[in-house]
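Chains as they are written, first to last, in this note's numbering: chain V, 176 to 358; chain R, 9 to 889. We treat Cβ as the ideally placed atom computed from N, Cα and C, and that holds for glycine.
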């Protein structure tokens with residue numbers, strides 16, 4: 176059930192727009208945030224909230240690649256495969272992840288901790304190879320950094336190597352970065 | 009004209025209305041610009057890029073389906089550049105199209121096939137893997153082959169814009185876009201067949217006719233659908249006297265090519281194995297013995313003559329379905345009136361339509377609408393009262409949807425079902441103002457509307473000056489009434505104000521109003537409403553009662569009811585009697601005719617000794633508590649003409665096999681009064697015969713020869729008997745309000761029953777032993793019993809369920825499909841339950857076509873004025889057992 180426990184947030188989202196239908200994407204986000212993916216039940220409920228039919232909601236979910244229609248791992252790894260990252264070794268990045276987790280594109284680890292997908296440009300072309308895990312960016316990746324990030328996440332649920340989605344201009348504090356390089 | 013635009017298409021000048029699309033302007037010149045995604049019924053989408061043309065002074069090629077004409081525009085559709093563009097687009101589309109034309113049902117009528125022939129692309133420069141979708145089961149009636157899809161989205165747009173069902177959606181992106189329902193669920197929608205019909209390729213096909221045909225093998229006949237009163241033109245496509253499919257061509261008929269589930273998928277009763285093919289005669293041991301026409305016809309003549317001689321003509325009654333052709337109905341009443349000599353005859357129009365006709369005759373002096381479908385589409389305000397239009401009259405419903413969705417008309421609904429978005433469209437979802445009213449309380453809502461007319465001060469001043477007596481007395485009568493209990497006064501006032509303030513308005517009424525107590529009075533009162541607003545005789549305004557069966561209007565006009573001669577003239581109309589006598593060369597009998605219930609009562613009491621029942625099934629239609637079978641069982645001689653061995657036919661002494669609408673010629677008259685041609689698509693099945701032919705043959709043997717060479721000869725006689733009938737064609741001018749009749753009404757006729765018409769209706773009855781209000785109504789997928797013989801419709805809805813609001817279902821802790829016991833004062837029944845959000849809380853809905861299951865529950869009350877048997881509502885209790 177999506178509606179019952181999140182009544183207030185739904186009301187807030189609906190209140191943002193003059194037209195109900197405009198709340199579709201934020202409500203789908205809410206569903207994904209709370210359940211990890213957009214379930215059929217959530218789509219039906221959202222359709223009911225917005226005076227849409229379930230097929231209309233389904234159409235929207237499938238148009239955007241960032242909505243998941245199936246349950247995925249707790250950490251959703253999205254590796255950029257566009258040109259800039261490819262030039263600086265995005266393929267290596269995939270093999271490092273595979274070496275560390277035995278995880279291939281489209282898969283989920285048996286402990287449902289990590290899921291891996293390749294995506295198009297994440298607009299961090301100056302700092303490739305890079306990946307996004309849930310809402311955080313991890314940039315200028317090396318095998319050692321990847322290993323550490325994955326270990327951190329499994330152990331603590333977070334990693335301080337997250338560099339945030341907006342890295343330009345680059346942070347002036349180079350110390351954390353140099354420490355990475357020496358690792 | 010100022011709003012005309014002159015353009016050149018391939019050098020040929022043409023003037024078209026401003027706002028016309030280039031592709032449409034070219035089409036009018038006979039130039040077909042190839043296209044996939046464009047369709048005149050839906051908004052331009054310009055997604056397929058096939059219709060590119062050169063437009064002078066525009067730098068690039070333009071999509072002609074989305075480019076509006078402009079003054080002086082010069083369009084070229086056949087230059088080398090255009091040709092090259094078309095070829096390239098086609099090459100892209102064909103890159104992914106399978107070469108399965110030999111097994112595709114669309115082969116032979118496929119746009120892609122035609123364009124491929126035209127551009128003959130024999131090679132492609134693409135070197136890539138073809139897109140292949142996994143074949144999935146889609147639905148029992150519609151097959152989906154996504155590999156053939158050209159992604160024009162016509163189906164998706166039609167489903168949304170025209171039908172308002174929104175059951176299809178494009179899933180994914182780019183070349184992998186796939187048309188789908190909800191996730192991997194099989195299609196659950198209103199099955200109008202629109203996606204199949206509008207698909208330019210073979211992505212959607214009709215599963216009922218899968219692999220049965222090639223289009224060029226089929227015999228075609230354009231005829232009119234035999235289900236509801238909308239009068240849709242359909243094309244019967246048959247092969248070796250089997251009906252293979254039913255289609256409707258774009259722009260054809262009153263429906264302009266749109267159909268509903270019944271029209272598109274409901275045709276297979278025609279070739280049903282249970283159809284009667286030989287006359288049956290009951291033997292002394294009670295069995296039916298098949299016989300020949302040669303043997304049965306003299307028997308019929310002899311027995312009818314015997315009854316006449318022994319008991320008099322008055323001892324014979326007749327009942328006919330309003331699904332027959334005008335010719336059947338006309339010959340039936342003539343047979344009854346001349347060969348038998350009795351005015352005791354009635355038709356299924358008695359179940360409700362007579363209420364509306366009687367009201368129209370009384371107030372405006374017409375027996376038909378003063379508006380047409382075009383007036384509905386062009387209205388800027390529509391008021392729907394008790395219609396349930398998207399289920400009962402789906403194509404009239406499309407006219408309402410078109411007015412609202414395309415032209416922005418205001419929609420006011422006083423309906424039994426509340427707004428709720430579900431798998432079938434629901435007119436209340438489009439309402440500007442909606443009032444949910446329990447079936448049976450629509451007449452009270454009409455009182456409320458009239459009260460609101462005065463309270464809002466929107467009554468016509470001119471009328472108040474010229475007919476002050478009428479206005480004052482009506483005002484006094486409605487002002488004495490309270491606003492009906494449980495109905496929001498503000499909503500009623502908004503509806504009255506909005507309707508009064510519109511430019512052109514039509515009131516549509518339907519079964520829920522006309523087949524419930526007070527239906528006649530409410531119809532008259534609605535005409536009061538139009539009168540008081542000063543609109544009754546204005547162009548584009550009027551009352552539009554919708555009919556349940558395809559030819560109820562015809563049944564009335566052919567004189568096939570107890571109250572009227574042909575032309576819907578009263579039995580005491582001397583001029584009509586003279587006219588008919590001169591055409592018939594014999595005078596029709598004098599004396600009032602018995603109506604349906606009177607005849608059954610007379611049969612019960614032994615006054616009526618014989619009956620001729622044509623296609624009607626009172627033993628099933630009337631509730632068990634009215635004991636119709638018992639009454640019919642007392643007859644000395646009962647003849648039934650039928651397609652199937654119905655409950656009534658089983659009681660007969662002689663059963664005669666009748667031809668279905670697909671096997672006969674003649675005409676049907678739809679709700680709006682269009683007399684349309686019915687053409688036989690098949691030979692009569694087995695030994696079956698059209699109803700009129702049977703009656704004609706018996707009449708000859710009885711010495712009253714009603715001989716006709718064919719149906720056209722009958723129509724000729726009908727035209728001679730009914731003044732003005734000659735001019736009625738497929739698109740007649742709507743009838744005009746008859747001034748003298750209206751003046752008579754306003755001048756005093758209104759007063760006769762003023763007190764009973766504006767009597768406060770009883771308030772909501774709260775009966776604690778029967779807390780639920782059960783309402784038996786028509787569902788979208790069925791119509792009467794006939795549709796339950798159609799395989800396709802049974803695939804969608806195979807049984808009757810007791811529908812209730814999901815919240816009620818939850819409160820009762822019931823699961824869908826669970827059995828419950830219903831009890832009423834009349835008896836009990838056990839039925840499965842279902843959930844439907846549009847049913848208001850506390851209300852139960854059961855589809856009429858399956859009402860055998862609840863036959864024991866219902867009671868009946870006849871209308872005091874029009875004799876309509878009301879039997880569609882019942883207070884019941886629901887027991888979870």
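Quick one: is residue i near chain R, going by C-beta distance under 8 Å?
{"i": "residue 193 (chain V)", "result": "no"}
{"i": "residue 295 (chain V)", "result": "no"}
{"i": "residue 253 (chain V)", "result": "no"}
{"i": "residue 220 (chain V)", "result": "no"}
{"i": "residue 280 (chain V)", "result": "no"}
{"i": "residue 211 (chain V)", "result": "no"}
{"i": "residue 318 (chain V)", "result": "no"}
{"i": "residue 238 (chain V)", "result": "yes"}
{"i": "residue 183 (chain V)", "result": "no"}
{"i": "residue 335 (chain V)", "result": "no"}
{"i": "residue 359 (chain V)", "result": "Residue 359 (chain V) falls outside the range modelled here, since chain V spans only 176 to 358, and no answer is possible."}
{"i": "residue 226 (chain V)", "result": "yes"}
{"i": "residue 208 (chain V)", "result": "no"}
{"i": "residue 179 (chain V)", "result": "no"}
Report, in whole angstroms, the separation of the C-beta atoms of residue i and residue j, which I expect to be a contact under 8 Å.
{"i": "residue 492 (chain R)", "j": "residue 436 (chain R)", "result": "The pair is not a contact, with the Cβ atoms about 19 Å apart (cut-off 8 Å)."}
{"i": "residue 513 (chain R)", "j": "residue 389 (chain R)", "result": "4 Å"}
{"i": "residue 729 (chain R)", "j": "residue 575 (chain R)", "result": "7 Å"}
{"i": "residue 670 (chain R)", "j": "residue 324 (chain R)", "result": "Wrong, their Cβ atoms sit about 31 Å apart, outside the cutoff."}
{"i": "residue 520 (chain R)", "j": "residue 454 (chain R)", "result": "Between residue 454 (chain R) and residue 520 (chain R) the Cβ distance is about 12 Å, and since that is not below 8 Å, they are no contact."}
{"i": "residue 161 (chain R)", "j": "residue 266 (chain R)", "result": "The Cβ separation is near 18 Å, so there is no contact."}
Span of the alpha helix (DSSP H) holding residue i?
{"i": "residue 473 (chain R)", "result": "469-474"}
{"i": "residue 128 (chain R)", "result": "Segment: none, residue 128 (chain R) is in no alpha helix (DSSP H) and carries neither H nor E."}
{"i": "residue 367 (chain R)", "result": "361-372"}
{"i": "residue 418 (chain R)", "result": "First-last for residue 418 (chain R): 418-423, but that is the beta strand (DSSP E), not the alpha helix (DSSP H)."}
{"i": "residue 207 (chain V)", "result": "199-210"}
{"i": "residue 36 (chain R)", "result": "30-36"}
{"i": "residue 341 (chain R)", "result": "334-342"}
Does any C-beta atom of chain V lie closer than 8 Å to the C-beta of residue i?
{"i": "residue 190 (chain R)", "result": "yes"}
{"i": "residue 149 (chain R)", "result": "no"}
Could you spell out where the beta strand (DSSP E) holding residue i opens and where it closes?
{"i": "residue 214 (chain V)", "result": "Segment: none, residue 214 (chain V) is in no beta strand (DSSP E) and carries neither H nor E."}
{"i": "residue 812 (chain R)", "result": "810-812"}
{"i": "residue 851 (chain R)", "result": "851-855"}
{"i": "residue 304 (chain V)", "result": "Taken as a continuous stretch (DSSP letters only), residue 304 (chain V) belongs to no beta strand (DSSP E), as it is neither H nor E."}
{"i": "residue 326 (chain R)", "result": "324-328"}
{"i": "residue 392 (chain R)", "result": "389-393"}
Thinking C-alpha only, which one of the options is nearest residue i?
{"i": "residue 313 (chain R)", "options": "R:707, R:484 and R:383", "result": "R:707"}
{"i": "residue 215 (chain R)", "options": "R:804, R:819 and R:824", "result": "R:804"}
{"i": "residue 291 (chain V)", "options": "V:307, V:322 and V:302", "result": "V:307"}
{"i": "residue 203 (chain R)", "options": "R:194, R:218, R:187 and R:192", "result": "R:187"}
{"i": "residue 866 (chain R)", "options": "R:760, R:817, R:795 and R:633", "result": "R:633"}
{"i": "residue 811 (chain R)", "options": "R:786, R:795 and R:833", "result": "R:786"}
{"i": "residue 712 (chain R)", "options": "R:409, R:349, R:887 and R:760", "result": "R:349"}
{"i": "residue 533 (chain R)", "options": "R:884, R:515, R:776 and R:548", "result": "R:515"}
{"i": "residue 281 (chain R)", "options": "R:733, R:653 and R:791", "result": "R:653"}
{"i": "residue 354 (chain R)", "options": "R:291, R:619, R:720 and R:665", "result": "R:619"}
{"i": "residue 300 (chain R)", "options": "R:351, R:311 and R:287", "result": "R:287"}
{"i": "residue 182 (chain R)", "options": "R:223, R:196 and R:101", "result": "R:101"}
{"i": "residue 432 (chain R)", "options": "R:399, R:421 and R:422", "result": "R:399"}
{"i": "residue 345 (chain R)", "options": "R:748, R:601 and R:800", "result": "R:601"}
Is residue i close to chain C? Criterion is C-beta to C-beta, closer than 8 Å.
{"i": "residue 757 (chain R)", "result": "Of the protein chains in the structure, V and R, none is chain C."}
Inset, instruction - With a floor of 3 residues, list each beta strand (DSSP E) that falls wholly inside the region 680-766 of chain R, ordered by position along the chain. - result: Taking only runs of at least 3 residues, the beta strand (DSSP E) segments lying wholly in the region 680-766 of chain R are 683-686.
Legend entry - Continuous alpha helix (DSSP H) assignments of at least 4 residues falling wholly in the region 80-152 of chain R: Qualifying alpha helix (DSSP H) stretches, in chain order: 88-103 and 119-127.
Inset, instruction - Return the chain-ordered ranges of every beta strand (DSSP E) run that is complete within the region 768-850 of chain R and spans a minimum of 3 residues. - result: Qualifying beta strand (DSSP E) stretches, in chain order: 780-785, 810-812, 827-831 and 836-843.
Legend entry - Length at least 4, wholly inside the region 161-213 of chain R: the alpha helix (DSSP H) runs in chain order: Runs of the alpha helix (DSSP H) lying entirely within the region 161-213 of chain R, each at least 4 residues long, are 162-169 and 202-206 in chain order.
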